[in-house]
Each structure stands twice: as C-alpha cells, then as structure tokens.
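As numbered in mature numbering (1 follows the signal peptide of the UniProt record, and there is no 0), residues -17 to -1, 1 to 353 make up the sequence shown, in order.
The C-beta atom is built at its ideal place from N, Cα and C for all residues, glycine as well.
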Amino acid sequence: MLFTITIPYLLWAMFLSERLFHRVVLFRGSVCMKRERITIFSPSDVTSRDTFLADIVYVHGLDSNPLTTTERSSEKVSWVRDLLPKENLNCRIMAFNYDTRWMSNALSKSLKDLGDDLIHALASKRETLEEKSRPIILIGYSFGGLIIDQAVVNMVQNSDLEPEILESLGGFVFLSTPHRGSKLTPIGEIISLFGYWRGSDTALLKVMKVGSDASDDLYDRIHSFIYEKDMSRKTLCVFEAQREFLWGIAITHVVDRESAVIQGTIKRSAERLHREIQGCQSLNDETYEDVVRYIKRWLKAESERKIATQTKPTHIYFVPTETVPSYTQRDQLWNDLERKPTIRHEERDIPYEVVVRGLGGSRTSGIMKA
C-alpha cells in the first residue's frame, strides 16, 4: 500500500521539479554540441590579422549554446552575434563554446576543467605578439560567469598557465552570475537524481549551492583578484530585478542581488527574468545599452592610455659627443695632485693646501678619495 502511494507522489514531485527548473532556469535552446571551441562573430573574415583595441569573449550558461542562447523570441536576433558588431567597437567579438549537458549524457568535467578549457581556447586564437598583448573583456551569463571566475583563479594559482592571458584581462561583465550560489540549485539536484539512468551529473551544480565551501571559496578568490588588480570599476555585474512565477505564483529570484553582485563593482539591475537577461532584441534594449555603455567607456579609457604612452616627449635634449674646452684629462689631474701638495704657501695659515672643485657630478669626491 505504501509503495503504491509513494511512487505516484515521487513521480509527481519529479515532474514539478523538472517543470520548474526548465521554466525558470534553463534556456530552451539546443545544447552545445561538438564544434569549434571559439566562434568568431566579428570580423566576418576569421583569418583577419587587423589590429583591434580588445577581444570581447562571451561565455554562455548551462544547457545551451552560444549560437542560440543570446536569441530572444522568434526574431532570432542575437545581441552578441548580430548587434555588437554594428557598434563599430574596433574589437574582435567571440564566444566560447563548451558542452553544458548535465541532465543527460553529462561529461565528467569539473568547473576547474571548464576554466582550463576557456583558457586554452582563448590561447588558440591569440598567437601573434599583437594578439597576445591585446586586452580581453570577458562576458559571462549565469554559469558562464562562474567559468570565467574559475579560469582567472586557475591562472592565478598556476603562473605557467598562459600568463599572457592573465596579464591581458581588462574587464568583466557578469550577467546574473551566481557568484554566491542559487537558491534553486537543490531542485536541479533532485532532477539529476531522478535522471541518473540517463547519465545526469550534479558535479557542475555543487559550486552553485548557496553557502557551500566551493561557492564561497570561488567568490573570495575572484573578489580578491578584482580588488588587488584595481579592477572594481572595470567590472560590471547585472542582477535580475524580477522574481520568477510558476502558474501565477511568485517563487523567487534564480540569482538574487547579493549573489550576482561582486562587492565594490559596478552594478546594474535588469527588469526581467533570469533566463531573459541573456537575450536582447534591439539596440534600444536597456540591458544591452548598459553593457555597450560599459564597453565603450572601457575602450575609450584604453584608447586614451595607448595614446598617452605613444606621445612624443615635449623636451628634446642633445648630448655633445666632442670634448668641451673645460674638460680636463684624468692623467693631468693626477700629475697636478702629486705636484701641488709640495708647494709651500708662506702667507697662509695652512702652508700646504690643495682645493679640488668642479661641477656637480664631475666626480671631484672620487678623485680626492683616490
């Protein structure tokens, strides 16, 4: 009797949990499958070796891919692929592509592994001296932001892991990233438990648990890096201002403000749901404008910095190469110093006296010591 009652309830709980997690958290797009790690959206000529002000790299969230995750509604407009290139930013715009499946056929990869994948993928597109020294702006949505966090931590902990990339980090944009975890993570773990026979894995969800050691440690490390590198004003954190609803009932934020915002950084609110933050339909979209405004301000400062370092000096000094008339050979000085102390000056209090004088820096003290 107990068995017949419990099974239906378990199945109903599984259905509700999966429904909620799909409705609230996940983007309903095709999951990233095998393709090139880095997709270059701009310039259209992927072999271009032009000089750009920066590399802008977008990292998508769980259970999605960079080609469809930034699209919204039926118009299929991707702000990373279609809108950013129209801003004339003089930047190379790319997206990192990784396998985000966790509910079925999940890969046995940790967040640390994904951080390393991002680093190596970036290195593969930064081969020339100009590319290696080019600044990088990393944009991460939801779990993609955690991959960015982990990549930074990996490079800090291993100085041999692509140090040029670490030195080139110029700024961050985090879109509703659960730096301190998400309250809905336990629901994802329940779904994964029921989908165990389909190859589900909760390894990627552990770091998203509120209050977990993994989540707190990662937050502390990325916060310390941003503070020590004086990048607080070069980091934009966007948080969701709208709570999720299920069947007309208000639930909660997927990622609340305290989790989405790194202390001391620039913060902006997005009046939309968690899954909608990554999709901007037009150039007039408020969240899109916030991101572009940040990027343009950063690029302006970077451009001014480059101009300042390349400015010619206002004063030009000439150093003569010929001997000036007042120059005295050292061998002549030695002869005079050996001879003059033997000359007696009868009318002076000190009968034997030699005074050596010269301009500052002419080594008169060194001559006397010798």
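With contacts defined as CB atoms closer than 7 Å, F208 and V135 qualify as a contacting pair. L112: member of the alpha helix (DSSP H) spanning 112 to 116, first to last residue.
Per DSSP, the beta-bridge partners of I21 are F79. Minimum Cα-Cα distance from E223 among the listed residues G194, R109, L158, L144 corresponds to L158.
The DSSP-derived three-state label of S207 is helix. Between G164 and P118, the CB-CB gap reaches or exceeds 7 Å. Beta-bridge annotation (DSSP): E223 is paired with A253. Counting every other CB atom within 10 Å of its CB across the protein chains shown gives K289 a total below 16, marking it as exposed. For E269, the number of other beta carbons within 10 angstroms of its own is below 16, and it is reported as exposed. DSSP, read as helix, strand or coil, puts T270 in helix. DSSP places S61 within a strand segment (E or B) once states are collapsed to three. Counting along the chain, no alpha helix (DSSP H) covers F155; the unbroken beta strand (DSSP E) around it starts and ends at 152 to 158. Excluding sequence positions up to five before and after P68, its CB lies within less than 7 Å of the CB of F24, S25, I76, all in the same chain and listed in chain order. Rounded to whole angstroms, the gap between the alpha carbons of K92 and K108 is 23 Å.
DSSP lists I76, I120 as the beta-bridge partner residues of I39. The straight-line gap separating the alpha-carbon atoms of S125 and K250 is approximately 15 Å.
If you compare the alpha carbons of L45, T22, K59 with that of C263, the shortest gap goes to K59.
Contact between A78 and T22 holds: CB atoms are separated by about 5 Å, below the 8 Å threshold.
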